[in-house]
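4 protein chains.
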Amino acid sequence: MNQVQQDRQAFSWPVRVYWEDTDAGGIVFYANYLKFFERARTEWLRSLGLEQRALRETSGGIFVVSAANLRYHQPARLDDELLVTAWLQEKGRASMTIVQQAWLMAPCTKELLCEASVRIGWVDAGSYKPARIPPTLLETLK
Amino acid sequence: MNQVQQDRQAFSWPVRVYWEDTDAGGIVFYANYLKFFERARTEWLRSLGLEQRALRETSGGIFVVSAANLRYHQPARLDDELLVTAWLQEKGRASMTIVQQAWLMAPCTKELLCEASVRIGWVDAGSYKPARIPPTLLETLK
Amino acid sequence: MNQVQQDRQAFSWPVRVYWEDTDAGGIVFYANYLKFFERARTEWLRSLGLEQRALRETSGGIFVVSAANLRYHQPARLDDELLVTAWLQEKGRASMTIVQQAWLMAPCTKELLCEASVRIGWVDAGSYKPARIPPTLLETLK
Amino acid sequence: MNQVQQDRQAFSWPVRVYWEDTDAGGIVFYANYLKFFERARTEWLRSLGLEQRALRETSGGIFVVSAANLRYHQPARLDDELLVTAWLQEKGRASMTIVQQAWLMAPCTKELLCEASVRIGWVDAGSYKPARIPPTLLETLK
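Protein chains in written order, with the numbering used here: chain F, 1 to 142; chain Z, 1 to 142; chain C, 1 to 142; chain L, 1 to 142.
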């Protein structure tokens, strides 16, 4: 991945670490990065005018995660401020791949904590059968 | 509450403490006792033949929590074995109150960690409007 | 509780509802209001200059929840915007009581979803034995 | 991966789906499979006589997840019974790779819901610096 390229295009969303996010190791529980990444994806979609509850009510479909590859580099701790990015890497008619990173925002520097590649598919909200992403939605994603 | 009386009648369910349950204080995150209590209530209902997903599909209603009062006495830690109880204290036509406790099961003793009184109401699964608990369900609860 | 009085003095913090917060009932899982309330308390403390990780490192103590009384009025759903308040009701030398509310912020109105009274104690971070809240901390809380 | 081979050697652990595990899509929230997989790994270690809290107190080290690759095949729903497996695929001096699967256990069949490859490293519990897995621990892992 081209870092400079990505920085220029990525959507970013601030996340604060609370007690709920940590575990007895004193750090953010690793499963919770999937929550942070999802918040950033949701806000990225919202920034494009796409609200997922409304999408479901109008189209009958929802996005689901079909694959996720995570790499953990450094731990985050209580009260840390993170910046979480989302960058659309690939887009097909039934799925897309989003590259995401969580950065620790320290006073004079930033440090990469965790990165992920997340594949999202579109399914019928009742049957969970894969379906084509509605064309207007695909266009909004550019 | 009469402890002896309750011990005799309470349903109990074992819960093990995993990393996911703890926080950076090194102990079980206090909100998670609500999860432990819900597991015990769900298994208590299941022991009476009541599966909540099936209940919803056949009756169109679900149980929701309308109030919870929690007292925290001692913390639990990673790898601890708890015993969580559920005891039907009061039963009306639209709601019921369940008294619950979480005990630490140590080799030679047990220690009360947390106790709660949880009020459960019955609502329509679509509108979330309060409704009467179905009579057959009420009878099963005795 | 005097509503007008409280509105004037309460600290408030916005919370957005994400997938992680909901359950199969289609609404926010009730245990998660304890997370929302904790975020608001943490931000209220931060607004007074109190960072909990730093507090622990300098004083050796931490706040723990010793009791929580919750009332659930209306459900929240995916994408909803909430406003969560925290208001210091009572303050002693070893504990304090905070009244909290979660409001749904709709375009033209707001609706009370959940309210709680949360008692917080101060304990030694190693032994979890109750202790007196450090005087400088107490003064900051006014 | 050789399925027959794996079935023969994998440790397995039952997991029940509760309200806390689901989201507004009506299915298990995908991040929660990381919790299910961790429970199975923890119980696999426990079956070998390794308790993680005791390990930390005696060795000063803990296991942390350094990478996770997840594939989601089918959703699970409230009340479903899962069987979660853990199988040690590779073992080095500072890390190991565990292959895990979550199966839906239906009356007459089982269905693969999710599979993951999880890389675990050993770190100092204070500094989170990578370290060698203690030799006695490595031997217990065979």
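Where a beta carbon is used, it is the ideal one built from N, C-alpha and C, also for glycine. Given the structure is predicted, the values throughout are model-derived calculations rather than measurements.
Remark: C-beta atoms of isoleucine 98 of chain Z and valine 118 of chain Z approach each other more closely than 7 Å. A buried status is given to methionine 96 of chain F, since no fewer than 16 other beta-carbon atoms sit within 10 Å of its beta-carbon. Secondary structure within the stretch 38 to 71 of chain L: the alpha helix (DSSP H) runs of 4 or more consecutive residues, fully enclosed, are 52 to 59 (chain order).
By the neighbour-count criterion, in which 16 or more other beta carbons inside 10 Å mark a residue as buried, alanine 102 of chain F falls on the buried side. The stretch 40 to 55 of chain C and the stretch 67 to 77 of chain C do not touch, with fewer than three beta-carbon pairs separated by less than 8 Å. In terms of Cα proximity to aspartate 21 of chain C, the closest of F/Glu38, F/Gln100, F/Glu81, F/Pro14 is F/Glu38. If the five residues before and after methionine 105 of chain C are omitted, its C-beta is found closer than 7 Å to the C-beta atoms of Glu81, Leu82, Leu83, all from its own chain and listed in chain order. For glycine 121 of chain L, the closest alpha carbon among the candidates L/Glu111, L/Leu88, L/Val64, L/Lys91 is that of L/Val64. Look at leucine 104 of chain F: its C-beta is not under 7 Å from any C-beta on chain L.
Taken through DSSP and simplified to helix, strand or coil, proline 135 of chain L comes out as helix.
With contacts defined as CB atoms closer than 7 Å, valine 28 of chain Z and valine 17 of chain Z qualify as a contacting pair. By the rule that beta-carbons nearer than 7 Å mark a contact, lysine 35 of chain F touches chain L. Judged by DSSP in its simplified three-state form, lysine 91 of chain Z adopts strand. Within chain L, no C-beta atom comes nearer than 9 Å to that of phenylalanine 11 of chain C; the closest sits roughly 28 Å away. Beta-carbon to beta-carbon, alanine 40 of chain C and tryptophan 13 of chain C are separated by about 4 Å, close enough to satisfy the 8 Å threshold.
In terms of CA proximity to arginine 93 of chain L, L/Pro134 leads the group L/Lys35, L/Ala31, L/Pro134. Listed in chain order, the positions of the stretch 57 to 77 of chain L with a beta carbon within less than 8 Å of a beta carbon of chain F are Ile62, Val64, Val65, Ser66, Ala67, Ala68, Asn69, Leu70, Arg71, Tyr72, Gln74, Pro75. Tyrosine 30 of chain F has a beta carbon lying within less than 7 Å of a beta carbon in chain L. Around the beta carbon of alanine 54 of chain Z, a 10 Å sphere encloses fewer than 16 other beta carbons of the protein chains shown; the residue is thus reported as exposed. Straight through space, the alpha carbons of glutamine 89 of chain L and alanine 24 of chain F are spaced by roughly 27 Å.
Distances from the alpha-carbon of tyrosine 30 of chain L to those of L/Pro75, L/Ser127, L/Lys142, L/Lys129 put L/Pro75 closest.
Just so you know, the alpha carbons of glutamine 100 of chain Z and cysteine 108 of chain L end up roughly 35 Å apart. Per the coordinates, the alpha-carbon of phenylalanine 36 of chain L lies some 18 Å from the alpha-carbon of glycine 26 of chain L. For the set L/His73, L/Phe11, L/Ser59, the Cα lying nearest the Cα of glutamate 111 of chain L is the one of L/His73. At a cut-off of 7 Å between beta-carbon atoms, tyrosine 128 of chain L makes contact with chain F.
Contact of aspartate 79 of chain F with chain Z is not assigned, every C-beta pair being separated by 7 Å or more.
Within the same chain, Cβ atoms closer than 7 Å to the Cβ of glutamine 9 of chain L are found at Trp87, the five residues on either side in sequence being excluded. Taking 9 Å as the upper bound on Cβ-Cβ separation, chain L lies near residues Ala24, Gly25, Gly26, Ile27 of the stretch 13 to 28 of chain F. Annotation: glutamate 139 of chain F has no Cβ neighbours in chain C at a cutoff of 7 Å; minimum Cβ distance is about 22 Å. Lysine 129 of chain Z carries a coil assignment under DSSP once its states are collapsed to helix, strand and coil.
Leucine 113 of chain L and threonine 58 of chain Z have their alpha carbons spaced roughly 26 Å apart.
Rounded to the nearest whole angstrom, the C-alpha separation of lysine 129 of chain C and glutamate 51 of chain Z is 41 Å.
Leucine 34 of chain Z and leucine 34 of chain C do touch by the CB rule: their CB atoms are close to 7 Å apart, below 8 Å.
If you look at arginine 119 of chain F, you'll find it in the beta strand (DSSP E) that goes 110 to 124. Collapsing the DSSP output to three states places phenylalanine 11 of chain L in a strand.
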